[in-house]
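Right, one structure below, let's go through it.
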Amino acid sequence: MKKFSFFAIFVTLATVTFAQNWTADKAHSRLGFKVTRMGITDFQGNFKNFDATITPGASGFEGATMIVNIDVNSINTDNDARDNHLRSADFFDVEKYPSIMYKSGPWKKTGDKTYVIEGDMTFNGITKKVKVDIKVNGTLKNEKSKKEMAGITMNATFKRSDFNFVSGAPESTLSDNVTLYATGEFSK
Numbered sequence: 018m019k020k021f022s023f024f025a026i027f028v029t030l031a032t033v034t035f036a037q038n039w040t041a042d043k044a045h046s047r048l049g050f051k052v053t054r055m056g057i058t059d060f061q062g063n064f065k066n067f068d069a070t071i072t073p074g075a076s077g078f079e080g081a082t083m084i085v086n087i088d089v090n091s092i093n094t095d096n097d098a099r100d101n102h103l104r105s106a107d108f109f110d111v112e113k114y115p116s117i118m119y120k121s122g123p124w125k126k127t128g129d130k131t132y133v134i135e136g137d138m139t140f141n142g143i144t145k146k147v148k149v150d151i152k153v154n155g156t157l158k159n160e161k162s163k164k165e166m167a168g169i170t171m172n173a174t175f176k177r178s179d180f181n182f183v184s185g186a187p188e189s190t191l192s193d194n195v196t197l198y199a200t201g202e203f204s205k
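Under our numbering, the first residue of the sequence shown is numbered 18, with each subsequent residue one higher.
In structure tokens, the structure reads:
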């Protein structure tokens with residue numbers, strides 16, 4: 018029994034020690050958002066700077082966890098004046114809240130290539146649970162870099178009112194529902 022216990026502990030430690038995290042390849046990844054403006058237009062933008070790391074579970078992606086850290090100052094809507102206004106205290110208040118953080122619970126398999134996670138999102142100084150739908154588009158070994166790669170797509174919808182974000186704006190001006198979407202390559 019003691020030999021088995023020692024072997025089990027060794028294998029567990031080796032697995033934890035040698036498991037490699039997946040890291041977003043920023044040159045081939047995008048993290049965007051969408052809201053409805055004035056009740057008629059889907060307005061979109063993205064964040065140019067973010068870090069995303071996936072720690073594999075015992076069964077690969079099933080049971081994995083993810084951490085995403087978004088640099089809010091990197092907001093981009095292809096309009097400098099609007100981007101500066103969005104950085105102000107009227108919206109994101111980057112002086113006070115420079116980042117949006119998401120820490121997931123374990124990935125739960127929902128289909129052949131699909132998963133769902135629920136995690137804590139800290140946004141505008143408030144932390145709430147947010148569900149994220151994930152699709153692993155595929156994995157391969159990059160012939161040039163020799164790294165294992167994964168293509169992943171993620172979508173989440175949350176209410177801005179849950180985070181007290183732009184609380185003075187009526188829904189007829191800015192929708193309460195905000196969609197986050199990400200697509201990209203991760204490598205080990």
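Note that CB positions come from ideal geometry on N, CA and C, so glycine has one too.
Rounded C-alpha distance that separates residue i from residue j
| i | j | result |
| --- | --- | --- |
| Ala199 | Asn101 | 23 Å |
| Met83 | Asp110 | 26 Å |
| Phe78 | Asn181 | 33 Å |
| Asn13 | Asn96 | One cannot answer for residue 13 here, as it falls past the ends of the chain, which runs 18 to 205. |
| Thr40 | Asp137 | 19 Å |
| Gly62 | Lys161 | 32 Å |
| Ile151 | Ser178 | 24 Å |
| Pro73 | Gly122 | 12 Å |
| Asn141 | Asp42 | 26 Å |
| Thr58 | Glu112 | 29 Å |
| Lys120 | Gly80 | 14 Å |
| Ser46 | Ser105 | 26 Å |
| Ala44 | Val52 | 25 Å |
| Asp193 | Lys163 | 44 Å |
| Thr94 | Gly56 | 19 Å |
| Gly185 | Leu48 | 26 Å |
| Thr127 | Val153 | 12 Å |
| Ser189 | Ala98 | 23 Å |
| Pro187 | Asp107 | 14 Å |
| Asn90 | Lys145 | 21 Å |
Nearest-angstrom Cβ-Cβ length linking residue i and residue j, presumed shorter than 8 Å
| i | j | result |
| --- | --- | --- |
| Glu165 | Lys176 | Not a contact, Cβ separation roughly 37 Å. |
| Tyr132 | Trp124 | 4 Å |
| Ile87 | Ile117 | 4 Å |
| Phe67 | Ile92 | Their Cβ separation, rounded to whole angstroms, is 11 Å, which puts Phe67 and Ile92 out of contact at 8 Å. |
| Phe60 | Leu197 | Wrong, their Cβ atoms sit about 14 Å apart, outside the cutoff. |
| Ala69 | Val85 | 5 Å |
Which listed residue (the options) has its alpha carbon closest to that of residue i
| i | options | result |
| --- | --- | --- |
| Ile169 | Gln37, Ile71, Thr58 and Gly62 | Ile71 |
| Arg54 | Glu79, Leu191, Phe140 and Asn90 | Leu191 |
| Lys148 | Phe108, Ile134, Thr156 and Tyr119 | Ile134 |
| Glu202 | Asn194, Met171 and Ser184 | Met171 |
| Asp129 | Gly49, Phe140, Ser162 and Gly155 | Gly155 |
| Val195 | Lys145, Ala173, Lys126 and Val85 | Ala173 |
| Leu103 | Val183, Ala69 and Pro187 | Val183 |
| Ser204 | Ala167, Asn90 and Lys126 | Ala167 |
Whole runs of the beta strand (DSSP E) within the segment 66–134, excluding any shorter than 3 residues: 67–74, 77–88 and 116–121
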